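Engineer:
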Amino acid sequence: MRTKTKYIPVPSNAILPERDAAREPVLECVNLGIMLGGIKAVDNFNLTVGRTEIVGLIGPNGAGKTTVFNLLTKVYHPTTGTILLNGKDTHGMTTVQVNRAGIARTFQNIRLFKNLSVADNVKAAMNNDMRYNMLSAILRLPGYRREEIAAHRRALKLLSIFDMQNMADVPAGSLPYGAQRRLEIVRALATNPCLLLLDEPAAGMNPSETAELLDSIRKVHEMFQIAIILIEHDMSLVMNICDGICVLNFGQVIAKGTPDEIQSNPAVIEAYLGRRKE
Amino acid sequence: MTMKRLINLKRTEARRIFITYSAVVIAYVIFQVMSSSGFLSSSMRGMLVPICAYMVMAVSLNLVVGISGELSLGHAGFMSIGAFSGVASAILMQSTITNAPVRLALAMIVGAIFAAIAGFLIGIPVLRLKGDYLAIVTLAFGEIIKSILNNFYFGVDAQGLHFSMLTDTTRLLKGGRLIIRGPMGISGIMKIATFPMGFILVMISLMVVFNLVNSRSGRAFMAIRDDRIAAESIGLDITKYKMMAFVTSAALAGAAGALFAMNYSTIVANKFDFNTSILILVFVVLGGQGNMLGSIIAAAALTVLPEKLRGFSDYRMLLYAIILIVTMLGTNNAEIREFFTKLNPFRRKEEA
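Which chain is which? The protein sequence lines are D and S, in order. Per our numbering, the very first residue in the first sequence carries number 12; after that it's consecutive. Per our numbering, the very first residue in the second sequence carries number 7; after that it's consecutive.
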């Protein structure tokens, strides 16, 4: 179990303040900003995510959405601002430490361990839960067997969320595209996150696959009761699934609110469609 | 590619491990019988132990190059550390432990420990690098180890152990013995390395590598090799696992070095130079990265080949190079590979 640290409420950053006030947020970003090559890739980014909230992060290409993910997972270190995960400052942490603290992610361009089997991809993500050492692995001591069997069972169970348990022994690189995206989600879940970051999970999927994905995300959300931040260009998916949406443009937050509010927000319409010629 | 074939992957892997173990056992029995019944020439008999040592070198380097995905060009350095520390310890133990196989086993353990320590120390700077840079720096460390051992003096007398660098300033008492004599290396080694011990070491190194690869550590090695960024995102400690593979590999190389050295009466640091490192890398590449049986066969074949080509005198190395190139081309040719797959008696029917 993760230890809870003291929470200082920052209600002004919440997408849905009235909802968030009742729960402890899992993530708070305060004035987050980063300079990349002299450009403010992300600037003054404020966001609070409730414990079981699904948040959509949308915006035109190059708006800085993936950069936000890279900041949260410490691929980049922010030049300004603070990230609080479960109320704890993640300043100075590495990607590995942030993952152990509870953030798991998927990637825009799929990054699976292509030569490993599907089950091994998932089991690799359980590495930090396993305790047996190198010697018991080499000598095949009982601890090795016990933990490997338990890990395999859990991997199959996680894979069964997406009906992929039959593919457990297939090399991950030979899976069809949609299955690869789903496997990335399973792999992320295997690290026991409290916050899941999905970077364009529906990219390259046809409408029926996208509909399936929507069900899967809902299922994961219900089963694990975790917070999800979703970067997505498929508006039907975002509007259907998200509790709150945050719109980025040129590294700045231009709107926050419920799906209905976002759809009628003039700033958002302008960012996506441009301004009407007078 | 059929789905069935893919699902058989795990079973295929278990079968491949079984075939590797049995191939080594069968080869051992055959050569042991041939050697004791006098069918082997004396030159071939003398090569049995070096072949075992090179097999262990190839398997251990395959852990770093094939499984962990880092090109290491200084593997002979660890072999030399194992050789020198192993032989020195065997000489020190000569009067206390009279049983030769036990002394050899202890010497190999000492060699493994020293090589592992060296692997750890070298790993600290080296494993911060990636790709080509890592390869170049391991090459440099291999040369540094050679230079250090070329200038290292180590002796023992009634007062205990004495070391010195560059020149011999150990000033041993009368009755003391200078064991490592800088560029002259170690001479007067008791040749206690035997083919059965070599066989045991090959089996142990196969067990270490196979069992490690099929554990959480092995999954981590291969995950990091396949995608470093994704591996970090699921909380795998890159440095820890790279170090684990590197040190394990160095330890096995050290044991192989000790075995190798105790097959000769004299050993010098120059024997373990860049060429030896490259030779071991050739075993790995020819045998297939991550393929332990391939490494073993390549090590045996390429150790025997120069001897068998001795009849061609001046053209020996030319022929060796041509055979190497043809084999490399052949093993990378899809049609030739398919031809050999068809010949494989272990192939399952439904895979056809």
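C-beta atoms are modelled at their ideal positions from N, C-alpha and C, and glycine is treated no differently. Keep in mind that this is a model prediction, so the values were computed, not measured.
1) Looking at chain S, is there any beta carbon in it that lies within less than 8 angstroms of the beta carbon of D:Thr-78?
2) Measure how close the beta-carbons of D:Thr-202 and S:Ile-240 come, nearest whole angstrom, since I'm counting them as under 8 angstroms.
3) With 16 other CB atoms within 10 Å as the buried threshold, where does S:Met-114 fall?
4) Listed in chain order, which residues of the stretch 188 to 214 of chain S have Cβ atoms closer than 9 angstroms to some Cβ of chain D?
5) By DSSP's criteria, D:Ala-115 is part of a beta bridge. Which residues make up the other side?
6) Counting pairs of beta carbons, one from the stretch 296 to 307 of chain S and one from the stretch 57 to 76 of chain S, are three or more of them closer than 8 angstroms?
7) Straight-line CA distance for D:Tyr-143 to D:Glu-158?
8) For S:Asp-174, collect the residues of the same chain with a Cβ closer than 6 angstroms to its Cβ; drop the 5 residues on either side in sequence, then sort them by chain order.
9) Under 8 angstroms between C-beta atoms, does D:Val-231 make it to chain A?
10) Do D:Phe-80 and D:Arg-122 count as a contact pair if the criterion is CB distance below 8 angstroms?
11) Which stretch, first to last residue, makes up the alpha helix (DSSP H) that contains S:Leu-330?
12) Excluding the 5 residues flanking S:Phe-289 on each side, which residues of the same chain have their C-beta closer than 8 angstroms to its C-beta?
13) Taking only the alpha-carbon atoms, compute the straight-line gap between D:Cys-253 and D:Asp-271 and give it to the nearest angstrom.
14) Which residues does DSSP pair with S:Tyr-159 in a beta bridge?
15) Is there a C-beta anywhere in chain D that falls below 8 angstroms from the one on S:Met-85?
16) Alpha carbons only, please: which of S:Phe-24, S:Phe-278, S:Ala-33, S:Ser-170 is nearest the one belonging to S:Phe-201?
17) Find the residues of chain S that neighbour D:Ala-136, judging by a C-beta separation of less than 7 angstroms, and give them in chain order.
18) Apart from the five residues on each side of it in sequence, which residues of its chain come closer than 8 angstroms, Cβ to Cβ, to S:Arg-183?
19) Taking Cβ positions only, does S:Ser-74 come closer than 8 angstroms to chain D?
20) Tell me, please, which residues DSSP counts as bridged to S:Gly-52.
21) Could you tell me if D:Val-249 is buried or exposed, where buried requires 16 or more neighbouring beta carbons within 10 angstroms of its beta carbon?
22) Mind listing the chain D neighbours of S:Asn-217? Cutoff is C-beta to C-beta under 7 angstroms, in chain order.
23) Sorted by chain position, which residues of the same chain lie with C-beta nearer than 7 angstroms to D:Phe-173's C-beta, five sequence neighbours on each side aside?
24) On the CB-based measure, 16 or more other CB atoms within 10 Å of its CB, does D:Pro-277 come out buried or exposed?
25) Counting C-beta neighbours from all protein chains within 10 Å, is the total for D:Asp-210 16 or more, i.e. buried, or is it exposed?
26) Just checking: is the beta-carbon of D:Arg-287 within a distance shorter than 8 angstroms of some beta-carbon in chain S?
27) Below 8 angstroms CB to CB, which residues in the same chain sit around S:Met-190 once its five sequence neighbours on both sides are set aside?
28) How should D:Tyr-155 be labelled, buried or exposed, when 16 other C-beta atoms within 10 angstroms of its C-beta is the threshold for buried?
29) Count the CB pairs spanning the stretch 217 to 227 of chain S and the stretch 277 to 295 of chain S that are closer than 8 angstroms, and state whether there are at least three.
30) I'd like to know whether the C-beta of S:Ile-235 is nearer than 8 angstroms to at least one C-beta of chain D.
31) Below 6 angstroms CB to CB, which residues in the same chain sit around D:Ala-130 once its five sequence neighbours on both sides are set aside?
32) Taking DSSP's pairing of strands, which residues face D:Cys-40 in a bridge?
33) Tell me, which residues are paired with S:Cys-58 by DSSP?
34) Could you tell me the boundaries of the alpha helix (DSSP H) in which D:Lys-267 lies?
35) S:Phe-90: buried (16+ other C-beta within 10 angstroms of its C-beta) or exposed?
36) By DSSP, does S:Pro-312 sit in helix, in strand, or in coil?
Structural biologist: Reading off the structure:
1) Taking the first sequence and counting its residues from 1, one reaches residue 78 of chain D at position 67. Output row for D:Thr-78: interface = no.
2) Taking the first sequence and counting its residues from 1, one reaches residue 202 of chain D at position 191. Taking the second sequence and counting its residues from 1, one reaches residue 240 of chain S at position 234. The C-beta distance from D:Thr-202 to S:Ile-240 rounds to 5 angstroms, short enough to fall under 8 angstroms.
3) Start at 1 with the first residue of the second sequence, and residue 114 of chain S comes out as number 108. With 16 or more Cβ atoms within 10 Å of its Cβ, S:Met-114 is classed as buried.
4) Against chain D - using a Cβ distance shorter than 9 angstroms - the residues of the stretch 188 to 214 of chain S are Met-213, Val-214.
5) As a first step, residue 115 of chain D is located in the first sequence; it is residue number 104 there, counting from the start. Its beta-bridge partners are D:Leu-207.
6) yes
7) Your numbering for residue 143 of chain D matches position 132 in the first sequence. Your numbering for residue 158 of chain D matches position 147 in the first sequence. For D:Tyr-143 and D:Glu-158, the distance between alpha carbons rounds to 7 angstroms.
8) Within the second sequence, residue 174 of chain S is the residue found at index 168, counting from 1. Correct list, in chain order: Tyr-159.
9) The question asks about chain A, but that chain is absent: this structure's protein chains are D and S.
10) Counting from one through the first sequence, the residue named residue 122 of chain D turns up at place 111. Counting from one through the first sequence, the residue named residue 80 of chain D turns up at place 69. No, Cβ-Cβ distance for D:Arg-122 and D:Phe-80 is not below 8 angstroms.
11) As a first step, residue 330 of chain S must be located in the second sequence, where it is residue number 324. 322 to 337 is the span of the alpha helix (DSSP H), which, as asked, contains S:Leu-330.
12) Here the question's residue 289 of chain S lines up with position 283 in the second sequence. Cβ within range, chain order: Tyr-60, Met-63, Ala-64, Leu-67, Ser-301, Ala-304, Ala-305, Leu-308.
13) Counting from one through the first sequence, the residue named residue 253 of chain D turns up at place 242. Counting from one through the first sequence, the residue named residue 271 of chain D turns up at place 260. Cα to Cα, the separation comes out at about 11 angstroms.
14) Position 153 of the second sequence, counted from the first residue, corresponds to residue 159 of chain S. For S:Tyr-159, which the question treats as bridged, DSSP gives the partners S:Ser-170, S:Arg-187.
15) Start at 1 with the first residue of the second sequence, and residue 85 of chain S comes out as number 79. Not one chain D Cβ lies under 8 angstroms of S:Met-85.
16) Position 195 of the second sequence holds residue 201 of chain S. Of S:Phe-24, S:Phe-278, S:Ala-33, S:Ser-170, the residue nearest in Cα terms is S:Ala-33.
17) Locating residue 136 of chain D in the first sequence gives position 125, counting from the first residue. Within chain S, the residues near D:Ala-136 are Ile-240.
18) For the purposes of this step, residue 183 of chain S is taken as the residue at position 177 of the second sequence. Closer than 8 angstroms at Cβ, skipping near neighbours: Ile-97, Gly-161, Val-162, Asp-163.
19) Residue mapping note: residue 74 of chain S aligns to position 68 of the second sequence, counting from 1. It does not: the Cβ of S:Ser-74 has no partner Cβ on chain D nearer than 8 angstroms.
20) Locating residue 52 of chain S in the second sequence gives position 46, counting from the first residue. None; S:Gly-52 has no bridge partner.
21) Locating residue 249 of chain D in the first sequence gives position 238, where the first residue counts as 1. By the neighbour-count rule (16 or more Cβ atoms within 10 Å), D:Val-249 is buried.
22) Sequence index remark: in the second sequence, residue 217 of chain S carries index 211 (1-based). What S:Asn-217 touches in chain D: Ala-148, Ile-149, Arg-151.
23) Start at 1 with the first residue of the first sequence, and residue 173 of chain D comes out as number 162. The residues are Arg-193, Val-197, Ser-227.
24) On the first sequence, position 266 is the one that residue 277 of chain D refers to. Classification for D:Pro-277: exposed.
25) Here residue 210 of chain D corresponds to residue number 199 of the first sequence, with the count starting at 1. So D:Asp-210 counts as buried.
26) Translated into the one-based positions of the first sequence, residue 287 of chain D becomes position 276. So, not an interface residue.
27) Within the second sequence, numbered from 1, the residue matching residue 190 of chain S stands at position 184. Answer for S:Met-190: Val-274, listed in chain order.
28) Counting from one through the first sequence, the residue named residue 155 of chain D turns up at place 144. Looking at its Cβ environment, which holds 16 or more other Cβ atoms inside 10 Å, D:Tyr-155 is buried.
29) no
30) Translated into the one-based positions of the second sequence, residue 235 of chain S becomes position 229. Output row for S:Ile-235: interface = yes.
31) Looking up residue 130 of chain D in the first sequence gives position 119. Excluding its 5 nearest sequence neighbours in each direction, D:Ala-130 has C-beta neighbours in its own chain below 6 angstroms: Ala-166, Ala-179, listed in chain order.
32) Residue 40 of chain D sits at position 29 when you count from the first residue of the first sequence. Answer by DSSP bridge pairing, in chain order: D:Leu-58, D:Ile-94.
33) On the second sequence, residue 58 of chain S is found 52 positions in, with the first residue counted as 1. Answer by DSSP bridge pairing: none, since S:Cys-58 is not bridged.
34) As a first step, residue 267 of chain D is located in the first sequence; it is residue number 256 there, counting from the start. Per DSSP, D:Lys-267 belongs to no alpha helix (DSSP H); it is in the beta strand (DSSP E), 263 to 268.
35) By one-based count along the second sequence, residue 90 of chain S stands at place 84. Buried, because 16 or more other Cβ atoms sit within 10 Å of the Cβ of S:Phe-90.
36) For the purposes of this step, residue 312 of chain S is identified with residue 306 of the second sequence, where counting begins at 1. Reduced to three states, the DSSP call for S:Pro-312 is helix.
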